[in-house]
């Protein structure tokens with residue numbers, strides 16, 4: 005790499021960095037040291053204590069302040085004369101429109117969620133600005149390059165949806181600890197402390213008998229003057245005792261399952277002698293500091309509490325909410341940084357787990373599951389940031405043939421810990437960067453427009469301010485500047501089922517869904533379907549077409565297509581948790597690697613005769629071992645290569661599913677199976 | 005003799021440590037975090053790559069970090085370095101170690117960062133007993149070997165590392181002596197055993213005996229080391245005008261070692277020679293990250309360590325592990 009020519013493109017570049025967190029801090033530092041002089045940063049977050057172990061630009065005294073601003077100030081201390089412009093804002097805000105994106109030479113992402121990644125991808129495509137995307141989890145990481153017209157876009161590969169669980173598993177038949185945590189957090193906690201007007205499935209198991217559900221509705225209301233302790237015991241007996249008895253009465257459910265054990269407070273704490281001390285009176289009235297643990301003599305978040313201890317924490321935490329945080333009740337949502345909330349959810353999840361014969365977990369572990377906490381260390385972020393800057397410089401040089409996606413591995417593969425791969429070409433059927441229509445199977449007679457907007461347009465397509473058209477008729481639009489009568493018309497539409505809209509949506513209807521901010525337009529063809537499998541299709545609708553190639557025009561090499569398709573099928577079989585896209589990865593055709601000479605080396609040494617001599621002799625090309633070491637994505641007929649592709653496809657799938665896309669939404673067991681996959685070692 | 009003997013007195017992590025280290029404890033566990041907080045690390049020779057490494061292990065929460073480098077801070081030192089402000093470079097008078105120390109202390113108040121004066125290769129071996137990990141950079145191969153051998157002579161187990169960054173290329177060497185680590189297998193956990201060669205053994209291995217696929221960066225680094233030693237240069241004290249002599253050196257070494265010269269391309273040598281002591285900041289970040297991870301692995305006793313060289317080359321983007329056996333084995 006010739007430093008002089010590097011320096012010119014680097015100095016003249018204007019960079020947008022989205023995200024100033026774990027990767028962002030490292031990236032901003034490395035960009036500044038590498039000579040970048042004009043860097044804009046967008047981050048909506050403020051600094052938290054748990055950031056300080058890796059986001060090294062931040063200190064204890066910065067907790068609560070804007071990440072983007074503090075990061076800027078910290079970097080200016082060692083690199084004072086460069087321009088860093090911070091925006092403490094959400095990248096999805098309308099001010100960051102296509103015009104805004106167009107001013108940059110390259111966009112680098114250090115994001116932690118799929119939603120923002122997709123949004124930035126669309127703006128980069130529309131503004132035609134190269135994007136370098138990244139992600140890390142524990143010791144694993146990846147950097148990918150996305151340049152319109154040259155490589156695939158970020159969304160050319162299917163991304164797994166965040167894991168959801170069927171309602172009945174959560175309410176009736178939990179079999180894993182995570183089911184108990186979801187129940188404790190999304191149902192019980194929400195019911196007791198959240199917005200009461202929201203639908204809640206806590207009593208769904210009794211919905212067979214209308215009477216029962218009616219009776220139980222009042223149980224969660226605290227009667228005026230009811231003692232917090234009595235209230236807590238009543239709730240306890242109801243959710244862990246009575247509700248389980250009720251569920252047991254449905255014999256059919258338990259024919260092939262182990263029966264749960266109802267738990268009543270008198271069985272666990274016969275004496276009701278749980279200790280009270282002066283803690284409450286002495287506590288400082290700061291929400292985050294209120295904790296049930298000290299009063300009960302519990303210190304370590306790593307310990308697994310006994311059923312009695314969990315019961316005490318449950319009662320104490322509930323009582324503290326009533327005594328100390330009564331104002332919060334009715335509008336709380338679970339927050340992993342709210343100590344009392346974490347304690348309550350841990351206790352409730354453990355008591356339920358105990359009832360169902362599922363092993364209990366510590367507060368530390370429960371917090372990780374409930375808060376979807378991503379595993380993060382400084383070293384991986386530093387490595388990934390270095391790789392991003394290397395790619396950014398190549399992109400600025402227009403050094404297209406040398407673009408690489410790089411995977412950072414925990415265990416070496418082919419001796420490599422850092423493994424570069426040639427970027428893929430765009431997926432011809434990508435709904436984001438091509439115009440392929442999507443197909444939606446949905447029950448048009450029972451699904452409301454609202455379901456379609458939330459589950460498909462927002463969640464699946466990741467649109468921010470959508471506009472939905474049926475032919476020339478506008479049926480829905482989101483935005484600030486909509487007139488009142490029009491808005492109320494849309495609101496009415498939202499509650500109508502599709503077939504009963506003013507311009508009815510039925511089987512065969514083609515809808516156009518558009519986001520003007522993202523400059524993204526999709527056509528969706530509706531196919532009516534009566535029934536959906538509650539377990540496998542919990543949304544009650546199925547979107548397809550995207551990530552699946554519609555036109556198979558790979559006539560040149562039919563065999564290769566089938567072999568890769570079988571490779572993807574293999575992934576599906578070996579690990580059902582992956583959302584395996586049917587996209588034939590072979591369409592990411594490998595570009596021929598040109599001779600791996602470094603153009604920059606030549607330019608820095610223009611007079612060298614020996615250089616041209618080197619070129620004559622192919623063996624003297626510097627990177628002569630690159631070509632066969634690179635993972636080849638072409639699928640020649642020989643079997644060994646086929647194997648190579650399978651292995652690679654598996655690896656790439658795993659990476660895309662686990663590191664690149666979901667960030668905070670990852671679950672720890674995903675990572676475990678993933679690490680095992682890469683290292684080809686079975687999970688313990 | 006399987007892993008570093010770190011004094012564990014059964015203390016629990018404090019609430020403050022648990023809060024600060026929450027995300028990484030989720031990666032490597034409480035036990036590893038406790039071991040980290042008891043480990044003592046010595047670093048001799050400070051540059052941009054070492055700055056990255058120090059940042060990583062201070063953030064990870066090692067017990068102590070001792071820094072050695074008496075060179076005064078100069079303007080050159082601030083390139084590729086986020087631990088020195090231009091102000092400090094201007095009003096020099098402080099040593100690199102002192103400036104690094106002041107800066108690193110702020111990264112994590114729970115880590116004891118300090119300065120030791122003098123040249124490590126002149127210290128008696130007993131000095132090394134204070135440390136669990138020794139990391140060397142900006143140092144001649146002769147002195148590296150000397151220190152490595154002193155570490156090996158101690159009764160106490162000391163993990164030894166060297167790291168060098170020459171612009172867009174970098175190299176890490178690891179010596180864990182005799183090391184065992186748990187490896188997960190389908191039927192439980194197996195203990196894997198690794199025997200490391202010393203630096204002296206590894207770099208005197210005959211090139212003829214190495215696999216033909218051995219990375220060219222390894223050979224190129226050896227050529228430059230030989231050249232600098234022979235000319236009595238400081239490490240990385242080299243420039244473009246030295247290229248003809250370096251090529252001469254390549255020829256001689258290749259003849260003597262029985263390696264075809266094309267394994268050490270001129271383009272690569274040219275690039276490294278022209279770079280001199282300049283470091284490429286993204287490469288510093290990558291090397292400092294990998295080295296940080298390796299030190300954390302050795303201290304925690306978890307994970308598969310590198311045996312025994314790691315090379316990164318920006319030109320192909322690969323981070324490659326090479327296992328260079330001792331000369332006697334070949």
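Residue numbers (the working numbering), protein chains in the order written: chain H, 5 to 688; chain L, 5 to 334. We put the CB at the ideal spot given by N, CA and C, even for glycine. Given the structure is predicted, the values throughout are model-derived calculations rather than measurements.
Consult DSSP for residue 89(L) and reduce its assignment to one of helix, strand or coil.
Locating residue 89(L) in the second chain gives position 85, where the first residue counts as 1. DSSP places residue 89(L) in coil when its eight states are reduced to three.
Kindly indicate which residue of 379(H), 390(H), 520(H) and 372(H) has the alpha-carbon position closest to the one of residue 189(H).
By one-based count along the first chain, residue 189(H) stands at place 185. Of the candidates 379(H), 390(H), 520(H) and 372(H), the one whose C-alpha sits nearest the C-alpha of residue 189(H) is 372(H).
Select from 442(H), 495(H), 352(H) and 86(H) the residue whose C-alpha is nearest the C-alpha of residue 181(H).
Within the first chain, numbered from 1, the residue matching residue 181(H) stands at position 177. Closest by alpha carbon: 352(H).
Going by Cα to Cα distance, which pick from 40(H), 178(H), 59(H) and 257(H) is closest to residue 23(H)?
One-based indexing of the first chain puts residue 23(H) at position 19. It is 59(H) whose Cα lies nearest to the Cα of residue 23(H).
When the Cβ atoms of the stretch 150-169 of chain H are set against those of the stretch 348-367 of chain H, are three or more pairs found closer than 8 Å?
Not touching, per the Cβ criterion.
Fully enclosed by the stretch 121-200 of chain L, which beta strand (DSSP E) runs are 3 residues long or longer?
Entirely contained in the stretch 121-200 of chain L, the beta strand (DSSP E) runs reaching 3 residues are, in chain order, 137-140, 163-170, 173-179, 182-189 and 192-199.
Just the C-alpha distance for residue 303(L) and residue 316(L), rounded to the nearest angstrom, thanks.
Start at 1 with the first residue of the second chain, and residue 303(L) comes out as number 299. Start at 1 with the first residue of the second chain, and residue 316(L) comes out as number 312. Distance between the alpha carbons of residue 303(L) and residue 316(L) is about 23 Å.
In whole angstroms, give me the CA-to-CA distance for residue 243(L) and residue 233(L).
Numbered from its first residue, the second chain carries residue 243(L) at position 239. Numbered from its first residue, the second chain carries residue 233(L) at position 229. Answer to the nearest angstrom: the Cα atoms are 15 Å apart.
Check residue 305(H) in the structure and name its three-state DSSP category.
To locate residue 305(H), count along the first chain from 1; it is residue 301. Coil, per DSSP.
What does residue 63(L) touch in chain H if you count any residue whose Cβ is under 7 Å from its own?
Sequence index remark: in the second chain, residue 63(L) carries index 59 (1-based). Those within 7 Å of residue 63(L) in chain H are 57, 58, 60 and 382.
Give the range of the beta strand (DSSP E) segment to which residue 303(L) is assigned.
Counting from one through the second chain, the residue named residue 303(L) turns up at place 299. It is not in any beta strand (DSSP E) - residue 303(L) instead sits in the alpha helix (DSSP H) that spans 285-304.
Is it buried or exposed for residue 182(L), if we count other Cβ within 10 angstroms and need 16 for buried?
For the purposes of this step, residue 182(L) is taken as residue 178 along the second chain, with counting starting at 1. So residue 182(L) counts as exposed.
Check whether the Cβ of residue 64(H) lies closer than 9 Å to any Cβ atom in chain L.
Taking the first chain and counting its residues from 1, one reaches residue 64(H) at position 60. With 9 Å as the cut-off, residue 64(H) counts as an interface residue toward chain L.
Could you check if residue 496(H) is buried or exposed, using at least 16 other CB atoms within 10 Å of its CB as the buried criterion?
To locate residue 496(H), count along the first chain from 1; it is residue 492. When all chains shown are included, residue 496(H) counts as exposed.
Just reading off the alpha helix (DSSP H) that residue 106(L) is part of, what are its end residues?
Counting from one through the second chain, the residue named residue 106(L) turns up at place 102. From DSSP, the alpha helix (DSSP H) with residue 106(L) extends over 100-109.
Could you check the C-alpha separation between residue 615(H) and residue 314(L) for me, to the nearest Å?
Mapped onto the first chain, residue 615(H) falls at position 611. Mapped onto the second chain, residue 314(L) falls at position 310. Legend: pLDDT at residue 615(H) = 38, less than 50; position of this residue unreliable, no value from coordinates given.
What's the call for residue 25(H), buried or exposed, on a 16-neighbour Cβ count within 10 Å?
Here residue 25(H) corresponds to residue number 21 of the first chain, with the count starting at 1. That one is buried.
Which ranges does the alpha helix (DSSP H) cover as unbroken runs of at least 4 residues, wholly within the stretch 59-90 of chain H, from first to last along the chain?
Listed in chain order, the complete alpha helix (DSSP H) runs (minimum 4 residues) inside the stretch 59-90 of chain H are 71-82.
Could you give the first and the last residue of the continuous alpha helix (DSSP H) run that contains residue 59(L)?
As a first step, residue 59(L) is located in the second chain; it is residue number 55 there, counting from the start. Per DSSP, residue 59(L) belongs to the alpha helix (DSSP H) from 52-64.
Consult DSSP for residue 22(L) and reduce its assignment to one of helix, strand or coil.
The residue labelled residue 22(L) in the question sits at position 18 within the second chain. Correct three-state label for residue 22(L): helix.
Are the stretch 368-386 of chain H and the stretch 30-42 of chain L touching, with three or more C-beta to C-beta distances below 8 Å?
Verdict: yes, contact present.
Name the DSSP bridge partner or partners of residue 202(H)?
The sequence position of residue 202(H) within the first chain is 198, counting from 1. Residue 202(H) pairs with nothing; no bridge assigned.
Can you pull out the residues from the stretch 302-313 of chain H whose beta carbon lies closer than 9 Å to at least one beta carbon of chain L?
Of all residues in the stretch 302-313 of chain H, 303, 304, 305 and 306 have a Cβ within less than 9 Å of some Cβ in chain L.
Nearest to residue 467(H) by alpha carbon, out of 342(H), 103(H), 121(H) and 375(H)?
Locating residue 467(H) in the first chain gives position 463, where the first residue counts as 1. Residue 121(H) is the option with its Cα nearest to residue 467(H).
Could you spell out the range, first to last residue, of the beta strand (DSSP E) harbouring residue 68(L)?
Position 64 of the second chain, counted from the first residue, corresponds to residue 68(L). Residue 68(L) -> beta strand (DSSP E) spans 68-72.
What's the gap between the Cα of residue 305(L) and the Cα of residue 502(H)?
The count along the second chain starts at 1 and reaches residue 305(L) at position 301. The count along the first chain starts at 1 and reaches residue 502(H) at position 498. Taking the straight line from one Cα to the other gives about 60 Å.
Find the residues of chain L that neighbour residue 474(H), judging by a C-beta separation of less than 8 Å, and give them in chain order.
Numbered from 1 along the first chain, position 470 holds the residue referred to as residue 474(H). Within chain L, no residue comes near residue 474(H); the closest Cβ sits about 47 Å away, beyond 8 Å.
Could you give the C-beta distance for residue 178(L) and residue 79(L), rounded to a whole number, given that I count them as a contact under 8 Å?
Indexing the second chain from 1 puts residue 178(L) at position 174. Indexing the second chain from 1 puts residue 79(L) at position 75. So it is not a contact: roughly 33 Å between Cβ atoms.
What does residue 28(H) reach in chain L if we use C-beta pairs closer than 8 Å?
Here residue 28(H) is taken as the residue at index 24 of the first chain, counted from 1. Within chain L, no residue comes near residue 28(H); the closest Cβ sits about 13 Å away, beyond 8 Å.
With DSSP collapsed to three states, give me the class of residue 7(L).
Taking the second chain and counting its residues from 1, the one referred to as residue 7(L) is at position 3. Residue state, collapsed to three classes: coil.
Between the C-alpha atoms of residue 292(H) and residue 114(L), what's the straight-line distance to the nearest angstrom?
The sequence position of residue 292(H) within the first chain is 288, counting from 1. The sequence position of residue 114(L) within the second chain is 110, counting from 1. Low per-residue confidence applies at residue 292(H): pLDDT is 48, beneath 50, and the placement is therefore not dependable enough to give any value.
Hey, how far is the Cα of residue 569(H) from the Cα of residue 143(L)?
By 1-based counting over the first chain, the position of residue 569(H) is 565. By 1-based counting over the second chain, the position of residue 143(L) is 139. For residue 569(H), the predicted model reports a pLDDT of 25, less than 50, meaning its position is unreliable; a value from the coordinates is still stated below. Answer to the nearest angstrom: the Cα atoms are 53 Å apart.
Compare the C-beta of residue 54(H) against all C-beta atoms of chain L and say whether one is closer than 9 Å.
The residue given as residue 54(H) occupies position 50 in the first chain. Yes, residue 54(H) counts as interfacial toward chain L.
In chain order, what residues of the stretch 395-421 of chain H put their CB closer than 7 Å to some CB of chain L?
Result list: 408, 410, 415, 416, 419, 420 and 421.
Starting from the beta carbon of residue 27(L), find every residue of chain H whose beta carbon is closer than 9 Å, and list them in chain order.
Taking the first residue of the second chain as 1, we reach residue 27(L) at position 23. What residue 27(L) touches in chain H: 26, 54, 55, 57, 58, 377, 378, 379, 380 and 381.
Apply the 10 Å Cβ neighbour rule to residue 259(L) and answer buried if 16 or more other Cβ atoms are within range, or exposed otherwise.
In the second chain, the residue the question calls residue 259(L) occupies position 255. Flag for residue 259(L) reads exposed.
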